[in-house]
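Which chain is which? The protein sequence lines are W and R, in order.
At position 45 of the first sequence (counting the first as 1) the number is 44 in numbering that gives the first Met the number 0, and the numbers step up by one without a gap.
At position 49 of the second sequence (counting the first as 1) the number is 48 in numbering that gives the first Met the number 0, and the numbers step up by one without a gap.
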Amino acid sequence: MAFKTDELKAIDNIIEKNKTSRDQQKSPLLPVLQDIQKFYGWLPEKALIRASQKLSVPLVSLYGIASFYNEFRLKPLGEYHIVVCTGTACHVRGAPLLVSELERTLGIQVGEVTPDQNFSLETARCVGTCAVAPVIIVDGEYHGKISKKEIQELVEELRKEGE
Amino acid sequence: MERIDSPDILTKLQKEAKKSQEGKESFITMCGGTGCQGSGCQKVIDKLKDEIDSRDLSERIGVKITGCQGFCEQGPLMVIRPEGTFYIKLEPEDIPEILDETIKNKKSIERLLYTEPESQEKIIKEEDIPFYKHQKRLVFKNNGFIEPTRIEDYFSVDGYTALAKTLYEMTPEEVIDEMIDANLRGRGGAGFPAGKKWKYCRMEEAEPKYLACNADEGDPGAYMDRSILEGNPHLVIEGMIIAAYAIGSHQGYIYVRAEYPMAVRHTKKAIEVARECGLLGENIMGSGFDFDLEVAEGAGAFVAGESTALMHSIEGKRPMPRQTPPRSVQQGLFGKPTVLNNVETFGNVPLIIMNGADWFKSIGTENSKGAKIFSLVGKVNNTGLIEVPMGITLREIVFDIGGGIPDGKKVKAVQTGGPSGGCIPEDLFDLKVDFDELSEAGSMMGSGGMVVMDEDTCMVDVAKFFLDFLRDESCGKCLPCRNGIPKMLDILTKITEGHGTEEDLIRLEDISNTIKKTALCGLGDSAPNPVLSTIKYFRDEYEAHIHDLACPAGVCPALIYYDVSEEDCKACDRCRRACPVDAITGEPGGDAYIIDNHICISCGTCIEECPFDAISVIPGQQQGSEKVKKTVEK
Chain W
0 MAFKTDELKA IDNIIEKNKT SRDQQKSPLL PVLQDIQKFY GWLPEKALIR
50 ASQKLSVPLV SLYGIASFYN EFRLKPLGEY HIVVCTGTAC HVRGAPLLVS
100 ELERTLGIQV GEVTPDQNFS LETARCVGTC AVAPVIIVDG EYHGKISKKE
150 IQELVEELRK EGE
Chain R
0 MERIDSPDIL TKLQKEAKKS QEGKESFITM CGGTGCQGSG CQKVIDKLKD
50 EIDSRDLSER IGVKITGCQG FCEQGPLMVI RPEGTFYIKL EPEDIPEILD
100 ETIKNKKSIE RLLYTEPESQ EKIIKEEDIP FYKHQKRLVF KNNGFIEPTR
150 IEDYFSVDGY TALAKTLYEM TPEEVIDEMI DANLRGRGGA GFPAGKKWKY
200 CRMEEAEPKY LACNADEGDP GAYMDRSILE GNPHLVIEGM IIAAYAIGSH
250 QGYIYVRAEY PMAVRHTKKA IEVARECGLL GENIMGSGFD FDLEVAEGAG
300 AFVAGESTAL MHSIEGKRPM PRQTPPRSVQ QGLFGKPTVL NNVETFGNVP
350 LIIMNGADWF KSIGTENSKG AKIFSLVGKV NNTGLIEVPM GITLREIVFD
400 IGGGIPDGKK VKAVQTGGPS GGCIPEDLFD LKVDFDELSE AGSMMGSGGM
450 VVMDEDTCMV DVAKFFLDFL RDESCGKCLP CRNGIPKMLD ILTKITEGHG
500 TEEDLIRLED ISNTIKKTAL CGLGDSAPNP VLSTIKYFRD EYEAHIHDLA
550 CPAGVCPALI YYDVSEEDCK ACDRCRRACP VDAITGEPGG DAYIIDNHIC
600 ISCGTCIEEC PFDAISVIPG QQQGSEKVKK TVEK
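What follows is the structure in structure tokens.
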């Protein structure tokens, strides 16, 4: 897994920018990981190794942060990324049934990607749109008061789009 | 935008902002908050803008896309002023008709109005709707009037006047005294008086001092901080500058959780504009006071809402809490004295400075002053954000504002305070909502989530839900929380699967008490609350799970079964085709269908499909096909 030239430049820029931020007291680790994830959509190992070398910190320190926060992903997402909110309001309005419905429909468990890389499924601990619970987010777009039937239709639609 | 070097320039800009809004015949405001986005408001907004352009109406008709207006349940929402006509559940197709009928002919369109569920009466104006009528909107007041990132809009509602008053007419000590007098208690949930916190920080000798705003709002079921930051970021910024002046800080941070991208965008934009106007940075409003703000983005960790953990996260590290004392006001960010307040707390500050402590004290109860924003969600008719005076009863909130429970169901409890809070049963609904009364009832104010639960909500399942959440989010630093929570979750899982014993309840209470006494931070401390409060008020449900092998609410899959009524089943075959696991057998047009409860996964699909309501959930075990074999206790 080698870097392309532009890619390496971008990653080095991210590291350099955060290393020399105006706030010298701040640790650059969290912002570096955030920016790398913004660049790739996830955290590839090679980028973490590069950051560890450039910042002179053990790789495990970066991994410690990356595995602690829910936002960081150590593998790429599917073409369509589906997040089911499982906050309290969504829970009492049937979110667990939506999760199992999606798991069945997509044939994957939460946290996995379909073999064709088309779909990935995650749950979130409250996305803060509780009034229109239950909520799922597909590629950043919020779908409120969603039913199992609508989920079926949505997945069907995305499958067609993906073909 | 002109640089504001003195209060006079601010006054001039405020006048200009007000005047620029006077020339229009009508003002259409549409909610662009995240809740309405979830109901598809963007398409309606695009259509509205297109129509206004193509009809060349932009000179006469003003359009504002505001932040969250609160009544998210009914979104997408529109208010047309000066008449105050309030339209709900809009579709793009409604826009031409609105422009023809309501704007041009001044007639309201019946089908887009809110219908009062009981009287079936159509209500035209926003303020006449019960959901709004019983509220007291202070912090939330301007959300429905302004475009969040347009500073001119904030000027038009006298924005930054409190800051001018602070910088030019008050000493830092006077600001602190006013705040202590007002007794504004921290809206993040713990309820520590903000004025006192500021005073303790100011007294510290170490320099520099930092200011931080907690917008991590991790409590599931609460989203008021999100809506304030998304809908009125300048209000929070103004509150923070006043606080910074009071404690003598020159650098502040707003820590926003990663799940709130719009809040991050709006806050960053507002900070940038405020800086351009000379309201942040050096020599604010020409007063000689310097203060700047930065947004720190979280990355998704519930524990990061704990004050010491939050500061570690701002420092770019893992959000692990540390032992207190020393308190953050002594050693906070980068080891320096730091004041950390919540978004809503800062949102109250400009109002107190403008109107005075006496005004603020005139609202609320003896020890909890002012109003509080709650997110009223779950099994209630009118869901959304409400701002109500402290001291209102839960009954008023659930029934007068919330309009009661959908589908004629019976209310069971209200969960407040998120994973740190507890469930309050219906017979305590007359207690007054303030910091002290909620704690006495075994719950807490928390950041303001109020999740209504009805007869179909299983309280054991709710306790399990919160522990599952907390187990995931425990940072793992201290043993009681790291090991105690999974242990409790195991026991609860056992109970919901039909293998619980009476001793399990004692064990749950035992572990709870140990965790409460010994955990390092607030997350662990309060983690047992959902379990303790549900055992206290809903012991009968636990006992039904343990002794009768039945989930009375019909939720826990092992303790319920599905049954087809022979009388009502018309053998239409819909359920059989819909069943994802082929648990249903029958012939179209033949006898009533049969569900094999060994195969059934209790997903509820057949119930949704059945047009005759012939399938129901029965608590307990089906004779002959028991899912749980109770082992004899020794």
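Ideal Cβ positions, reconstructed from N, Cα and C, are used throughout, including at glycine.
Quick caveat: nothing in here was measured; it's all calculated off a predicted structure.
If I'm right that residue i touches residue j with Cβ under 8 Å, what's the distance once you round it to whole angstroms?
| i | j | result |
| --- | --- | --- |
| residue 339 of chain R | residue 213 of chain R | 6 Å |
| residue 178 of chain R | residue 447 of chain R | Actually they do not touch by this definition, with Cβ atoms about 21 Å apart. |
| residue 410 of chain R | residue 455 of chain R | Residue 410 of chain R to residue 455 of chain R, Cβ: 11 Å. No contact. |
| residue 315 of chain R | residue 25 of chain W | 5 Å |
| residue 322 of chain R | residue 519 of chain R | 6 Å |
| residue 495 of chain R | residue 463 of chain R | 6 Å |
| residue 466 of chain R | residue 491 of chain R | 6 Å |
| residue 132 of chain W | residue 88 of chain W | 4 Å |
| residue 69 of chain R | residue 139 of chain R | 7 Å |
| residue 308 of chain R | residue 318 of chain R | 4 Å |
| residue 532 of chain R | residue 422 of chain R | 5 Å |
Does DSSP classify residue i as helix, strand or coil?
| i | result |
| --- | --- |
| residue 231 of chain R | coil |
| residue 323 of chain R | coil |
| residue 69 of chain W | coil |
| residue 289 of chain R | coil |
| residue 17 of chain R | helix |
| residue 167 of chain R | helix |
| residue 11 of chain W | helix |
| residue 618 of chain R | strand |
| residue 376 of chain R | strand |
| residue 105 of chain R | coil |
| residue 42 of chain R | helix |
| residue 331 of chain R | coil |
| residue 63 of chain W | helix |
| residue 392 of chain R | strand |
| residue 2 of chain R | coil |
| residue 19 of chain W | coil |
| residue 128 of chain W | coil |
| residue 358 of chain R | helix |
| residue 398 of chain R | helix |
Just the chain R side, please: which residues come within less than 9 Å of residue i by C-beta, in chain order?
| i | result |
| --- | --- |
| residue 124 of chain W | 217, 219, 258, 299, 301, 468, 471 and 472 |
| residue 49 of chain W | Going along chain R, no residue has its Cβ under 9 Å from residue 49 of chain W, so there is no contact; the nearest lies around 18 Å. |
| residue 100 of chain W | 579, 602 and 604 |
What does DSSP give as the partner residue(s) for residue i in the beta ladder?
| i | result |
| --- | --- |
| residue 65 of chain R | R:30 |
| residue 84 of chain R | R:79 and R:124 |
| residue 142 of chain W | W:135 |
| residue 471 of chain R | In the DSSP output, where bridge partners are listed per residue, residue 471 of chain R has none listed. |
| residue 414 of chain R | R:422 and R:450 |
| residue 371 of chain R | R:387 |
| residue 280 of chain R | R:290 |
| residue 296 of chain R | R:255 |
| residue 25 of chain R | R:60 |
| residue 339 of chain R | R:211 |
| residue 113 of chain R | R:122 |
| residue 431 of chain R | R:392 |
| residue 603 of chain R | DSSP output for residue 603 of chain R lists no bridge partner at all. |
| residue 363 of chain R | R:368 |
Which residues of chain R have a Cβ atom closer than 8 Å to the Cβ of residue i, listed in chain order?
| i | result |
| --- | --- |
| residue 151 of chain W | Within chain R, no residue comes near residue 151 of chain W; the closest Cβ sits about 10 Å away, beyond 8 Å. |
| residue 28 of chain W | 315 and 316 |
| residue 24 of chain W | 314 and 333 |
| residue 33 of chain W | 296 and 298 |
In chain W, which residues lie with their C-beta within 9 Å of the C-beta of residue i?
| i | result |
| --- | --- |
| residue 382 of chain R | 88, 129, 130, 131 and 132 |
| residue 307 of chain R | In chain order: nothing, as chain W lies at least about 15 Å away. |
| residue 414 of chain R | 87 and 91 |
Residues of chain R with CB closer than 7 Å to the CB of residue i, please, in chain order.
| i | result |
| --- | --- |
| residue 69 of chain W | 299 and 300 |
| residue 142 of chain W | 37 |
| residue 103 of chain W | 579 |
| residue 14 of chain W | The premise fails here: residue 14 of chain W is roughly 13 Å from chain R at the closest Cβ pair, so nothing lies under 7 Å. |
List, in order along the chain, the chain W residues whose C-beta lies closer than 8 Å to that of residue i?
| i | result |
| --- | --- |
| residue 225 of chain R | 127 |
* What beta strand (DSSP E) runs, 3 residues minimum, are completely inside the segment 181 to 268 of chain R? -> 209 to 214 and 250 to 255
* Asked: Unbroken alpha helix (DSSP H) runs of length 4 or more, entirely within the segment 71 to 125 of chain W: which are they?
  -> 87 to 91 and 94 to 105
* Quick one: complete alpha helix (DSSP H) runs, 4+ long, within the segment 522 to 599 of chain R? -> 528 to 536, 538 to 546 and 573 to 577
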